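In the numbering used here, the protein residues as written are 48 to 209.
Put into structure tokens, the structure is as follows:
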């Protein structure tokens, strides 16, 4: 609780020095969940591409990442999550609690929209995104911007109406 935090803060500053010099930051811990990666990049030949996978060496070694062209639909966001070979980990593999894939789909849609609305964005990198049974937390994020290049997919880009 709060008292424990105060004690720990006092012990830390006593051991390491004045708080004004240390400038410590206290923040909430991320909930336990599954570490994932969301990336987006603009390819001059085909436009913006959204990528999703689990974080960590097994996924990286297997190249277990799914990709879709931006803008993505809600159906495509759901497919993106379910396409990777390691998807069962998100849905309660070996008795684990399933994670909030709805929140993950929403974040994928928002990143897609961000790239679609802002041509100056060249890359987005969210890693890790910890997806918990309820909600998610983005622990690392970077966005690179540059002067917008003339894109071959310029002009009105609209999702098909069904």
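Glycine residues also receive a C-beta, built at the ideal position from the N, C-alpha and C atoms. The structure displayed is predicted, hence computed values, not measured ones.
The beta carbon of residue 189 lies closer than 6 Å to those of 172 in the same chain, with the five residues before and after it left out. The three-state secondary structure of residue 108, taken from DSSP, is helix. Distances from the CA of residue 73 to each of 170, 57 and 113 were compared; the closest alpha carbon is that of 57.
Per DSSP, residue 128 has no beta bridge partner at all. For the pair residue 158 and residue 97, the Cα-to-Cα distance works out to about 8 Å. Contact between residue 84 and residue 102 holds, since their C-beta atoms are separated by about 5 Å, short of 8 Å.
Cα atoms of residue 195 and residue 117: separation of roughly 16 Å, rounded to the nearest angstrom. Around residue 152, the same chain offers 124 and 125 as residues with beta carbons nearer than 6 Å, after the five sequence neighbours per side are excluded. In the three-state reduction of the DSSP assignment, residue 149 falls in the helix class, which pools H, G and I. The beta carbon of residue 86 sits closer than 6 Å to those of 98 and 172, all from its chain and outside the five residues before and after it, given in chain order.
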